[in-house]
Amino acid sequence: MHHVLLAVDGSKASLQAAWLLARLPYPSRYELTVARIIEVPPLPNPLRSAEVIDRHYRQEKYAAAETLAEVSAMFDGARVRIDNIIDRGPVGERLVQIGEQIGADLIVVGATGRSQISRILLGSVSDHVATHARCSVLVVRPRAIGERDQPLEICMAYQKDSPLALREIADIRWWSSTRLHVLSVLPFSEGMFAAPRDRAEVVGQYEADLDDARLQLAAVAPAIKMHLAENEHVGEEIVRFAEQRDIDVLVVGETQRDNLPRFLLGSTSRYVLRHAPCSVWIGRPALCKTNPEVSPAIQQSLAR
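Residues 11 to 314, numbered by this note's numbering, are exactly what the sequence shown covers, in order.
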């Protein structure tokens, strides 16, 4: 990990996101950009819009400065160089644009809770970022991680065709107390209609892939447990596992599709993001590193 973009707005969710990021034990120094985006509400009277917008923006900037100072204090002693950004505009869109401009490897955002409404909407900001960002995204749901006297529970939903999630987890030197689970889900469609011998070969390949993942993670996570499950709905099985094991962070991988210039949020990742009770880390290659499409308009807006 080289450059992380952290979105904050002073809410419990965003401060929990900052707290979690500050405690990830990265072995080498990294760059952190902390962004507070101020969204100007729509105004009924266009004649007073400029005056009201400017006053609103100035007021919010004072509060934003306090939030940024609070977040920076969370990283005292960490191996990180911090830059702060206060900007205005549609929050989700601006975060994606800033992520592209700075070449972010990871964007960290807070999410709303798990009410029926928020499970549908997730939070327009986190949903927009998770869908449109050109890099990995960590969506943090408020949980009492820092208030509990128990190890952190991480689960990586392993897919051999999306290895970046594995590499990102392997980049972190997890505490010896961290409990890391690697889960692979065998869809019924891959084995239910096969002959017994063919089915055994399919299961054997999944088990071999899990063993490869264990070997790659053994140096950074001493306490690893491997799990192979079967379910017609892969996302449903991942969420069920997270609920039963009280997982704190679920890690899922994304792959690029059809040579598109950006990623589309896959059905499994979207299901997990909408239904998991915990934070979700979506691992994908940072396309913005080599993206020639960052427009001058984005660069000018960042310079404001």
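Idealized CB from N, CA, C, for every residue including glycine. Since the model is a prediction, treat every value here as computed from it, not as a measurement.
- Here the alpha carbon of L148 sits roughly 18 Å from the alpha carbon of M84.
- Taken atom to atom, the span from the alpha-carbon of A140 to that of I117 is near 9 Å.
- Under the three-state reduction of DSSP, I164 is assigned to strand.
- Below 8 Å, enough C-beta pairs join the segment 29-36 and the segment 179-191 to call them touching: three or more.
- Within the segment 32-83, complete beta strand (DSSP E) segments of at least 3 residues are found at 40-48, given in chain order.
- Less than 8 Å separates the beta-carbon of V192 from that of Y168.
- In the DSSP assignment, I117 falls within the beta strand (DSSP E) that extends over L116 to G120.
- Under the three-state reduction of DSSP, K170 is assigned to coil, being neither helix nor strand.
- Within the same chain, and ignoring the five residues on either side of V101 in sequence, the residues whose Cβ sits closer than 6 Å to its Cβ are I47, E49 and V135.
- Rounded to whole angstroms, S21 and P152 show a C-alpha spacing of 10 Å.
- Here the alpha carbon of V81 sits roughly 7 Å from the alpha carbon of A28.
- For S134, the three-state secondary structure derived from DSSP is helix.
- Between A239 and C165, the CB-CB gap reaches or exceeds 8 Å.
- Every alpha helix (DSSP H) of 4 residues or more that sits fully in the segment 209-258 is shown, in chain order, as 244-255.
- Contact between H13 and I112 holds: CB atoms are separated by about 6 Å, below the 8 Å threshold.
- Straight through space, the alpha carbons of R280 and E103 are spaced by roughly 19 Å.
- Around the C-beta of V212, fewer than 16 other C-beta atoms lie within 10 Å, and the residue is accordingly described as exposed.
- Looking at the backbone, the Cα of I92 and that of C288 are separated by about 27 Å.
- Rounded to the nearest angstrom, the Cβ distance from G214 to G263 is 22 Å, too far for a contact under 8 Å.
- In this structure, DSSP gives G109 a helical state, which the three-state scheme calls helix.
- P197 is a Cβ neighbour of V244, given a cutoff of 8 Å.
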